[in-house]
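Notes to accompany the following structure.
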Amino acid sequence: MKKPVLERPVLLDVQGITRLYGPAKGCEAIDFQLHAGEVLGIVGESGSGKSTLLRVLAGLEAPDAGQVLYRRQADDAGGEDAELDLYAIGEARRRALLRLEWGLVHQNPRDGLRMGVSAGANIGERLMAQGQRHYGQLRASGQAWMRQVELDPGRIDDAPRTFSGGMQQRLQIARTLVTRPRLVFMDEPTGGLDVSVQARLLDMLRTLVRQLGLSVVLVTHDLAVARLLAHRLLVMRRGQVVETGLTDQILDDPQHEYTQLLVSSVLTP
Amino acid sequence: MLSETGASPKRARPRLTVAGLHKRFLLHGQGGVEIDVMRDLSLTLQAGECLVLAGRSGIGKSTLLKMLYGDYRIDQGRIRLHFDDGDLDLETLPTYAWHGLRRDVIGYVSQFLRVVPRVAAVDVVMEPLLARGADEADSRQRAETLLARLNLPERLWQLPPGTFSGGEQQRVNIARGFIGEHPLLLLDEPTASLDAANRDVVIALIGEAKARGTAMLGIFHDEDVRERVADRLLPLDGSLGGLSNASQPCRESLS
Amino acid sequence: MNGYNFAYLDEQTKRMIRRALLKAVAIPGYQVPFGGREMPMPYGWGTGGVQLTASILGADDILKVIDQGADDTTNAVSIRHFFQRVAGVETTTATTAADVIQTRHRIPETPLRAGQILVFQVPIPEPLRFIEPSEQETRLMHALEEYGVMHVKLYEDIARYGHIATTYAYPVKVDGRYVMDPSPIPKFDNPKLDGNPALMLFGAGREKRLYAIPPYTRVESLDFEDHPFEVQRWEHACALCGSDHSYLDEVITDDQGGRMFVCSDTDYCQSRRGEVA
Numbered sequence: 001m002k003k004p005v006l007e008r009p010v011l012l013d014v015q016g017i018t019r020l021y022g023p024a025k026g027c028e029a030i031d032f033q034l035h036a037g038e039v040l041g042i043v044g045e046s047g048s049g050k051s052t053l054l055r056v057l058a059g060l061e062a063p064d065a066g067q068v069l070y071r072r073q074a075d076d077a078g079g080e081d082a083e084l085d086l087y088a089i090g091e092a093r094r095r096a097l098l099r100l101e102w103g104l105v106h107q108n109p110r111d112g113l114r115m116g117v118s119a120g121a122n123i124g125e126r127l128m129a130q131g132q133r134h135y136g137q138l139r140a141s142g143q144a145w146m147r148q149v150e151l152d153p154g155r156i157d158d159a160p161r162t163f164s165g166g167m168q169q170r171l172q173i174a175r176t177l178v179t180r181p182r183l184v185f186m187d188e189p190t191g192g193l194d195v196s197v198q199a200r201l202l203d204m205l206r207t208l209v210r211q212l213g214l215s216v217v218l219v220t221h222d223l224a225v226a227r228l229l230a231h232r233l234l235v236m237r238r239g240q241v242v243e244t245g246l247t248d249q250i251l252d253d254p255q256h257e258y259t260q261l262l263v264s265s266v267l268t269p
Numbered sequence: 001m002l003s004e005t006g007a008s009p010k011r012a013r014p015r016l017t018v019a020g021l022h023k024r025f026l027l028h029g030q031g032g033v034e035i036d037v038m039r040d041l042s043l044t045l046q047a048g049e050c051l052v053l054a055g056r057s058g059i060g061k062s063t064l065l066k067m068l069y070g071d072y073r074i075d076q077g078r079i080r081l082h083f084d085d086g087d088l089d090l091e092t093l094p095t096y097a098w099h100g101l102r103r104d105v106i107g108y109v110s111q112f113l114r115v116v117p118r119v120a121a122v123d124v125v126m127e128p129l130l131a132r133g134a135d136e137a138d139s140r141q142r143a144e145t146l147l148a149r150l151n152l153p154e155r156l157w158q159l160p161p162g163t164f165s166g167g168e169q170q171r172v173n174i175a176r177g178f179i180g181e182h183p184l185l186l187l188d189e190p191t192a193s194l195d196a197a198n199r200d201v202v203i204a205l206i207g208e209a210k211a212r213g214t215a216m217l218g219i220f221h222d223e224d225v226r227e228r229v230a231d232r233l234l235p236l237d238g239s240l241g242g243l244s245n246a247s248q249p250c251r252e253s254l255s
Numbered sequence: 001m002n003g004y005n006f007a008y009l010d011e012q013t014k015r016m017i018r019r020a021l022l023k024a025v026a027i028p029g030y031q032v033p034f035g036g037r038e039m040p041m042p043y044g045w046g047t048g049g050v051q052l053t054a055s056i057l058g059a060d061d062i063l064k065v066i067d068q069g070a071d072d073t074t075n076a077v078s079i080r081h082f083f084q085r086v087a088g089v090e091t092t093t094a095t096t097a098a099d100v101i102q103t104r105h106r107i108p109e110t111p112l113r114a115g116q117i118l119v120f121q122v123p124i125p126e127p128l129r130f131i132e133p134s135e136q137e138t139r140l141m142h143a144l145e146e147y148g149v150m151h152v153k154l155y156e157d158i159a160r161y162g163h164i165a166t167t168y169a170y171p172v173k174v175d176g177r178y179v180m181d182p183s184p185i186p187k188f189d190n191p192k193l194d195g196n197p198a199l200m201l202f203g204a205g206r207e208k209r210l211y212a213i214p215p216y217t218r219v220e221s222l223d224f225e226d227h228p229f230e231v232q233r234w235e236h237a238c239a240l241c242g243s244d245h246s247y248l249d250e251v252i253t254d255d256q257g258g259r260m261f262v263c264s265d266t267d268y269c270q271s272r273r274g275e276v277a
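Chains as they are written, first to last, in the UniProt record's numbering: chain A, 1 to 269; chain B, 1 to 255; chain C, 1 to 277.
Put into structure tokens, the structure is as follows:
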């Protein structure tokens with residue numbers, strides 16, 4: 001038997017990211033690497049700085065210090081720089097990167113959707129931004145993606161506000177993934193949903209991650225969600241990472257005092 | 001073939017060696033109490049062999065399996081996997097590599113089924129194959145074959161296993177564990193809640209896995225099963241358990 | 001007229017607006033902010049166009065003012081009288097005779113020539129405003145050419161009506177760069193924007209923005225490959241001049257539902273009738 005190929009290229013190299021609004025408010029000196037095909041969970045309580053970190057990683061908020069380096073795959077780079085320093089490149093390039101190669105799924109689908117236009121237009125927007133100018137093809141992509149996220153393609157012309165919360169979240173995911181981003185950031189993607197709807201969404205996210213080979217940075221306060229989606233976890237507290245490791249290790253064999261407290265505080269029905 | 005002599009090369013060398021393994025839990029919440037649960041554990045496991053962990057009940061035999069599977073950190077000692085083209089040390093394996101290792105090399109049948117709620121049993125079982133990029137129709141067929149063999153009624157296949165009985169969940173778990181045909185398989189009480197007929201199926205599955213060259217490390221309380229599957233017993237009373245009887249220091253709240 | 005500077009605005013203001021216009025001409029389709037002045041008429045009555053006209057008008061220029069194509073509607077008449085009084089310039093209704101034409105919602109049917117200037121009155125200069133309320137964000141979107149949302153609007157039209165239902169203020173891309181609102185002209189007039197020999201200036205009084213299309217500039221109407229841009233067509237010809245190729249207004253003629261279709265461009269219609277007669 002041959003040794004398995006376990007090496008994965010680094011996709012995101014985060015070095016010394018600090019973004020503080022006040023003492024212990026925000027995130028401080030964060031280092032980690034995200035490898036291709038990995039789902040990295042960032043867990044912690046409200047106010048631990050995980051959302052601030054996500055905003056910095058996702059290109060929405062410049063850090064006070066540190067670098068976010070995106071190492072593009074050779075086939076994406078197309079002769080361009082293989083490594084992009086997210087906050088050193090110009091705003092135009094950064095926004096294009098966020099729009100075309102990356103994706104962001106907001107906790108509240110209203111933040112990620114255009115509520116006033118149809119489901120089809122929501123899904124098609126990123127494609128149109130890429131320059132697709134064929135209505136029939138845009139529509140076909142819209143319907144295919146609605147099927148993929150288990151929405152009725154017959155509702156392609158309905159406005160998102162006529163959808164339930166879970167359906168809106170699936171629509172947001174379709175809208176984000178339609179350009180097949182390499183890297184997706186998710187902020188509590190199952191946060192505001194009913195438990196029964198959560199389960200279906202979790203299963204769908206797992207399937208999409210597998211089928212599309214996505215690399216994901218997932219922020220959640222829900223350790224059960226982290227267990228089911230994330231390969232690896234960063235535990236944050238007061239703006240700092242207190243422990244990192246394989247998801248099962250963090251949850252079954254926590255080392256840090258805070259992690260032990262966090263894990264043992266979970267209610268089980 | 002080239003110069004194969006005597007025994008098959010699969011059996012000629014170990015698949016797994018564990019040397020000087022220690023495990024200690026430090027419980028901050030309980031005044032920083034430290035519990036040694038494993039001391040100086042060593043073992044060798046050959047391809048095609050089923051090694052059964054033996055020892056008093058409740059001394060934490062699962063701890064070893066969990067360390068091998070990456071659930072527990074390796075404090076001290078060495079866990080080495082052997083391949084034709086080299087070795088792999090798990091205690092120094094970068095975290096990101098575990099995901100691929102579990103997908104391709106190490107399989108685990110745990111005592112409890114942990115899955116996304118509301119996912120159909122058959123989808124739960126086939127997931128390890130899909131994770132490797134296998135064809136969906138083929139994977140489904142293999143999953144159904146295994147579930148049928150384990151006598152899980154067909155009407156349950158499309159239902160999520162959350163509401164199944166203990167024995168039914170256990171069989172879903174076994175099918176999921178065996179379907180991937182991992183070269184190293186960790187078995188934690190796979191027959192605990194099964195009836196005699198299904199125990200026989202699991203024993204047959206273990207036998208087939210041995211024939212494929214799978215190296216297995218297992219915990220079996222049922223003496224009859226143990227005798228039928230074990231090639232060797234590994235006595236652990238000397239290296240497991242210890243200062244206290246707290247074998248599961250951390251709540252398995254998410255199990 | 002005593003007490004007023006030529007063309008109402010003081011020279012400093014005109015200079016400021018001309019500088020803004022030079023910038024607008026240099027960056028076709030780009031919205032240039034300018035320090036709009038209070039004019040002796042309400043917003044919405046053409047204060048943007050009037051300030052532009054006042055700034056570029058010379059004593060020898062001949063001015064034409066149209067509203068929806070007509071020289072004889074209230075807005076056109078009052079603006080024409082305004083400039084007759086405050087600038088004393090000669091006015092005309094003949095498109096060919098005019099040096100400066102201020103317009104609301106139309107481009108004359110008679111082709112313009114080099115040297116003429118067409119001044120548009122603009123209510124909402126920002127074509128992205130319908131989808132993005134933040135001015136800061138729309139400026140950034142222009143700067144970075146993030147124009148995907150413009151097609152979202154057209155997509156919605158097709159999804160809802162089966163065709164692009166936007167019939168006026170139809171968005172255009174100027175010189176392959178800036179997406180621009182051509183003011184609420186019917187899309188029928190959009191092809192006249194492309195490669196026009198005249199200079200076209202756009203003024204929004206309330207929003208204090210101006211922009212320009214220099215002569216002979218490429219102007220494309222946004223569309224989809226399988227739903228190409230099309231202009232309106234009529235089954236009728238003009239009831240007065242018989243034109244089958246101009247933009248027609250439907251006019252109700254009595255209380256019994258009588259109606260007729262006539263050219264919206266009164267000068268064009270009259271000159272055709274003159275030729276025919």
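For each residue, glycine too, the CB sits at the ideal point set by N, CA and C.
Keep in mind it's a predicted model, so treat the numbers as computed, not measured.
Since I believe residue j is in contact with residue i (beta carbons under 8 Å), could you give me their beta-carbon distance rounded to a whole number of angstroms?
{"i": "C/V219", "j": "C/D194", "result": "4 Å"}
{"i": "B/A209", "j": "B/L45", "result": "Incorrect: roughly 13 Å between the Cβ atoms, too far for contact."}
{"i": "C/L201", "j": "C/V119", "result": "5 Å"}
{"i": "C/T266", "j": "C/D72", "result": "6 Å"}
{"i": "C/L196", "j": "C/P182", "result": "The displayed chain sequence assigns Asn, not Leu, to residue 196 of chain C. At roughly 11 Å, the Cβ-Cβ gap does not stay under 8 Å, so C/N196 and C/P182 are not in contact."}
{"i": "A/G37", "j": "A/R8", "result": "6 Å"}
{"i": "C/Q51", "j": "C/Y211", "result": "Actually they do not touch by this definition, with Cβ atoms about 14 Å apart."}
{"i": "A/A29", "j": "A/L104", "result": "So it is not a contact: roughly 24 Å between Cβ atoms."}
Beta-carbon separation of residue i and residue j under 9 Å?
{"i": "C/Y247", "j": "C/G49", "result": "no"}
{"i": "A/R55", "j": "A/R99", "result": "no"}
{"i": "C/R209", "j": "C/P125", "result": "yes"}
{"i": "A/R175", "j": "A/I123", "result": "yes"}
{"i": "A/M204", "j": "A/R170", "result": "yes"}
{"i": "C/T166", "j": "C/K192", "result": "no"}
{"i": "C/R129", "j": "C/P28", "result": "no"}
{"i": "C/I117", "j": "C/I56", "result": "yes"}
{"i": "B/E154", "j": "B/P161", "result": "no"}
{"i": "A/V184", "j": "A/L177", "result": "yes"}
{"i": "A/K242", "j": "A/D31", "result": "In the sequence on display, residue 242 of chain A carries Val and not Lys. Contact: no."}
If we count the other Cβ atoms within 10 Å of its Cβ and call it buried at 16 or more, is residue i buried or exposed?
{"i": "B/Q76", "result": "exposed"}
{"i": "B/F25", "result": "buried"}
{"i": "C/I101", "result": "buried"}
{"i": "A/T162", "result": "exposed"}
{"i": "A/S215", "result": "buried"}
{"i": "C/Y8", "result": "buried"}
{"i": "A/A121", "result": "buried"}
{"i": "C/L63", "result": "buried"}
{"i": "A/K2", "result": "exposed"}
{"i": "C/E11", "result": "exposed"}
{"i": "B/N245", "result": "Bear in mind that the predicted position of B/N245 carries a pLDDT of just 42, short of 50, making it too unreliable to give a figure here."}
{"i": "A/G136", "result": "exposed"}
{"i": "B/L2", "result": "With a pLDDT of only 42 at B/L2, under 50, the local geometry of the prediction cannot be trusted, and no value is derived from it."}
Taking 8 Å as the line, does the beta carbon of residue i fall inside it for any heavy atom of the ligand GTP?
{"i": "B/S62", "result": "For the structure depicted, the ligand GTP is absent and the ligand set is empty, with no information on it obtainable."}
**Request:** Can you give me, in chain order, the residues of the segment 143 to 166 of chain B that have a beta carbon less than 7 Å from any beta carbon in chain A?
**Result:** Answer in chain order: no residues at all.
**Request:** Check distances from the C-beta atoms of the segment 103 to 134 of chain A to those of chain C and list, in chain order, the residues that come in under 9 Å.
**Result:** If the cut-off is 9 Å between Cβ atoms, the segment 103 to 134 of chain A has R114, G116, V117, S118, G120, A121, N122, G124, E125, R126, L127, M128, A129, Q130, G131, Q132, R133, H134 near chain C.
**Request:** Return the residues of the segment 145 to 158 of chain C that lie within a Cβ-Cβ distance of less than 9 Å from chain A, sorted by chain order.
**Result:** Along the segment 145 to 158 of chain C, the positions whose C-beta sits under 9 Å from a C-beta of chain A are E145, E146, Y147, G148, V149, M150, H151, V152, K153, L154, Y155, E156, I158, read in chain order.
**Prompt:** When Cβ atoms are compared, which residues of the segment 87 to 107 of chain B fall closer than 7 Å to chain A?
**Reply:** Hits within the stretch, in order: L88, T95, Y96, A97, W98, H99, G100, L101, D104, V105.
**Item:** chain C contacts made by the segment 133 to 151 of chain A, where a contact means CB separation under 7 Å
**Value:** Across the segment 133 to 151 of chain A, CB contacts with chain C closer than 7 Å involve R133, H134, Y135, G136, L138, in sequence order along the chain.
**Request:** Note down, in chain order, all residues in the segment 125 to 139 of chain B with a beta-carbon under 8 Å from any beta-carbon belonging to chain A.
**Result:** Cβ contacts with chain A come from L130, A131.
**Item:** Proximal residues, the segment 200 to 226 of chain C versus chain A, C-beta separation under 7 Å
**Value:** Within the segment 200 to 226 of chain C, the qualifying residues are F224, E225, D226.
**Residues of the segment 154 to 172 of chain A with Cβ closer than 9 Å to any Cβ of chain C, in chain order** = Listed by position along the chain: I156, D157.
**Message:** Residues of the segment 87 to 104 of chain A in Cβ contact with chain C at a cutoff of 8 Å, in chain order, please.
**Reply:** Listed by position along the chain: E91, A92, R95, A96, R99.
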